[in-house]
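The next block holds one structure in the form of structure tokens; read it before the comments.
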Amino acid sequence: MRATERAWSSTFQGNAQLVLLETIADLLKKSISPYARLTSIVNSSGTGKSRMVDQLGVKIITVPMCLRPEGTRGFPPPDIHLRDWLVPRDSSDQSAAQRRLHGFAYSLLTVTRTALETIVIDSEGKDVATLPNLDHLDVKNMSEIERNKHVSYVKDRQAWLAETFRNHMTTGQSFNISNTYRNKFYKNVADLADEFMGSSQRVIGKNKGSPGRYESGNRGVEKAGELLCRFVDPHGLLDSSKGPRRPLVVFAFDEAHTLTDNPSNTPWNFFSELRRILRQIHDLPIFSLFLSTAGRFSLFSPDIRSDPSNRIRDANSRPLDPISEISFDDLAYRALTDTVNLDRVVQTDWISHLGRPLFGSRWDAMPVTPDSSHQSETMILDFAKQKLLDGTTDLAKDNRPGSLACLSVRFALEFNVDGTARDVACAQVERHMRICVAATTGFKKLVTVSGSEPLLAEAAYDLMKRTQINAVRHLADHSDLHCIDRGRRGELVAALLIMHAYDEARGEARGESSGRRWVTVADFMKALLPTSLPTSKHESLHDTLLECQPTFWREGEDKAFRETFKDYGMWFNHVIKIEDSEMFSVDNLWKFVTRGAMILCSNNQRGIDIVLPLCHTKENLSPRSVTAILIQVKNAKEFGKEVKSTLFDAMGPFDLGVFRVAKEGALAEATPKPVIRLVFALASPEASVVFRGGATRKSRPNEFTAFDIWLAGLSADTFKQVGLDLEPYRTLLDRSVRPHDAFELLDEPLVGDATKKLRGSRRRRVAPLMLTDLDHNSIHREAAD
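Below is the structure:
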């Protein structure tokens, strides 16, 4: 708890709060007319949503409300009095809820203005931002220079009010309870709302089709909003009829799923009613944010058709799309070229600061003592496990969402675009740390990724290792496999084989107790390749590799594998899928080592599918110190045990852009390092491992040095780690060539096996000649059913 409090009070890094401010200003522009000036901030836990909004409060008056449900823990602490008043236990009466929420909105606007007025009164005689009296001036016809000067005054005063109010609301809060000022503030809100409710009357909406509202005399939500805005910006100098409009006040509802979880079995909830009420201040520069990490966040941005309000069904008055931009890598240590080495980037404090701010800030808040290093590493990894699994530190066999989270964070799994897959992706964002990149209203579009976060990947590695079940079996047996894009070339299977070999090398090379995360190239290849060939069981394949000469070599580099790569190491525990081939040039390749990532190429990349960065273990990371293992994956039976040299030709490191052709007079640092080129012919019916040696000694050296290895067949005779997992590997490889699982009815768990077989047969018949199965060839059988 104290670590969380210290992390929250640390200096905020990055500009996420400024991006949020610009986004809100853009959503307030008068050229658009959404249903209401509000939206949700959608993303997974630990991405800094609450802290970002808190930092917004340094410049913009922000009223924070935490509605965390009773019995759950987190920071900031819940505003208990407000939560219990706002959503009473007996909340099934829609009319009563409407009256209550009208009272709340009116009171919140009014009490906020009163609090700001009090801040100004209490500051009299102090050196604080004040506004000049402009009552005697024609503000609308003011010169641009004069207007800009007064705009600056208003902004300075707004920022002073915002920061003072923020300090009042947050200073002294703890993990368990808010401070005295904040408790009193929300007691005042509840008391004034009760008074408003007791005297308010329902009146007809101003426009035809608009919902009714509650007012008390001349008091109402719209009037209270106007008074608040007039206090912050008396002459409307910050308002703009064109382009973005600066918000004057922001209301932030944290843990807002409390507003959507009730009442049950009705077409309305407290959020939908509150949204309808906030529409009354639609034209004012006041904005509302709804944050949630544990609830069904789709309920904060429903499709237009899902709302009972007639107005919200108007396409010209649609809800605003969610905001997904958050803090990421803002706490990361700078990784400039030639400044850090391999030993540094594998350390726990380094990887903890990569990705979302949750882990880096927590690490920084941990006590530092001579004996605390190991304890801190254990604590931060256990914390990462808890976040990844939504509360536990052990991956149970039946925890399907948890195993999918572990697989996703390590292998950068991508989900299909159908509705079922979208639901799975949503659940992964809500509870298992998947990142939301973009979402639209109603979540018709939802783009999610597994961010490059080596600490989470390290937690996933340890969790899955403790199950004593290899990742491929977790994935092949997973009930949501049909939701996952498995690739068409077998690249996912290849990535699983590679990661399996790396994990094994990591355990064997130094022993698990050493804590060293990187491995040598020789140790990795030993874990990847079989101990021996089927045709020569007595001969060590690893020893043969170590003494193997290069297939091609530059002048002076005609050296054995052992000598060539003796000072090279590898470090990766997860996959990054790239979209630009420039990223695997040496100019960028070293950056992947700083994150502990292997590279999966884009779907349309020619000649290469996977890149494993290699780096010199005694040099700092830079374009001069890195090279690569280049891998091409084939999943067609035409690629068998016979080596096809054209595939290696397509992996020329200069042609691919791994190295650049040195220009005349270029420095020696442009010298290309030796590479290893592998072809995985996974569909080959026969197993074979071929070291492609140089056939002749050419008089003229080549432009690069390469060791070529042909790996044919998916079996333990080709890949050591296949072992007892041959069946799940083959299952994944087989399903990788299928665009869907509709023929197997895998997304219909309620259907029995016998029925699945019969219905699958019928489905196959509508796709004649697509596959070799008999049902795809029904008219060509002796006796068709």
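Sequence positions in the sequence shown follow my numbering and run -16 to 768.
Yeah, the Cβ is synthetic: ideal placement off N, Cα and C, and Gly gets one too.
Please read all numbers here as calculations on a predicted model, not as lab measurements.
DSSP state of residue i mapped onto helix, strand, coil
i: GLY470; result: coil
i: ALA422; result: strand
i: ALA664; result: strand
i: THR610; result: strand
i: GLN330; result: coil
i: HIS774; result: Nothing about residue 774 can be reported from this structure: the residues present for the chain run from -16 to 768 only.
i: VAL658; result: strand
i: PHE687; result: coil
i: HIS599; result: strand
i: SER628; result: helix
i: LEU516; result: strand
i: VAL351; result: coil
i: SER271; result: strand
i: VAL576; result: helix
i: ILE104; result: helix
i: ILE309; result: coil
i: VAL569; result: helix
i: VAL476; result: helix
i: VAL705; result: helix
i: VAL2; result: helix
i: VAL323; result: coil
i: VAL94; result: helix
i: VAL644; result: coil
i: SER497; result: Unreliable positioning characterises SER497 in this predicted model, as indicated by a pLDDT of 45, which lies under 50. A coordinate reading is not provided.
i: GLU669; result: coil
i: ALA651; result: Caution is warranted here: a pLDDT of 42 is assigned to ALA651, below 50, making its placement in the model unreliable, and no coordinate value can be reported.
i: LYS109; result: coil
Where residue i falls, given that 16 or more other Cβ within 10 Å makes a residue buried
i: LYS654; result: For clarity, residue 654 is Thr in the given sequence; the question names Lys instead. By the neighbour-count rule (16 or more Cβ atoms within 10 Å), THR654 is not buried but exposed.
i: LYS370; result: buried
i: PHE555; result: buried
i: VAL46; result: buried
i: GLU256; result: buried
i: PRO250; result: exposed
i: PHE179; result: buried
i: HIS557; result: buried
i: ALA(-10); result: buried
i: HIS85; result: buried
i: ASP76; result: exposed
i: PHE637; result: exposed
i: HIS357; result: exposed
i: GLY278; result: With a pLDDT of 44 at GLY278, under the threshold of 50, the predicted position of this residue should be treated as unreliable, and no value is reported.
i: THR243; result: buried
i: PRO71; result: exposed
i: ALA580; result: buried
i: GLN411; result: buried
i: SER497; result: Model confidence at SER497 stands at a pLDDT of 45, short of 50, so the residue's coordinates are unreliable; what they give is reported in the following sentence. Exposed is the call here.
i: GLY706; result: exposed
i: ALA750; result: exposed
i: ARG471; result: exposed
i: GLN451; result: exposed
Sheet register partners of residue i (DSSP bridge)
i: ASP237; result: CYS49
i: PHE674; result: ILE692
i: ILE593; result: LEU583, ILE614
i: ILE559; result: ILE582
i: THR(-13); result: THR(-13) is not bridged to any residue.
i: SER605; result: The partner list for SER605 (beta bridge, DSSP) is empty, contrary to what the question assumes.
i: VAL502; result: MET553
i: PHE535; result: ALA689
i: VAL232; result: ILE44, ILE269
The ligand GDP heavy atom lying under 8 Å from the CB of residue i
i: ASN162; result: With respect to the ligand GDP, the structure shown offers nothing to examine, as it has no ligands at all.
| said: For the stretch 592 to 610 against the stretch 324 to 334, do three or more pairs of beta-carbon atoms, one drawn from each stretch, fall closer than 8 Å, so that the two count as touching? | reply: yes
| Whole alpha helix (DSSP H) runs in the stretch 9 to 86 with 4 or more residues, listed along the chain? | 32 to 39, 63 to 69
| Does the stretch 193 to 208 come close enough to the stretch -15 to -5 that 3 or more CB-CB pairs lie under 8 Å? | no
| message | Extract the residue ranges of the beta strand (DSSP E) inside the stretch 388 to 460, only unbroken runs of 3 or more that lie entirely within it. | response | 418 to 422, 429 to 432
| request: For the stretch 369 to 387 and the stretch 442 to 460, state whether three or more C-beta atom pairs, one from each stretch, are separated by less than 8 Å. | output: yes
| request: Please specify which runs of the beta strand (DSSP E), each continuous and at least 3 residues long, are wholly inside the stretch 117 to 205, giving them in chain order. | output: 184 to 186, 196 to 198
| query | Taking three-plus beta-carbon pairs below 8 Å as touching, is the stretch 471 to 489 in contact with the stretch 414 to 426? | reply | Touching, no, given that fewer than three Cβ pairs across the two stretches are closer than 8 Å.
| query | Are three or more beta carbon pairs between the stretch 697 to 704 and the stretch 544 to 555 nearer than 8 Å? | reply | no
| query | Quick check: the stretch 86 to 98 against the stretch 166 to 186, are there 3 or more CB pairs under 8 Å? | reply | yes
| query | Does the stretch 54 to 65 come close enough to the stretch 157 to 168 to have 3 or more Cβ pairs within less than 8 Å? | reply | yes
| query | Using 8 Å as the threshold, is the stretch 615 to 631 in touch with the stretch 662 to 672, meaning 3 or more CB pairs across them? | reply | yes
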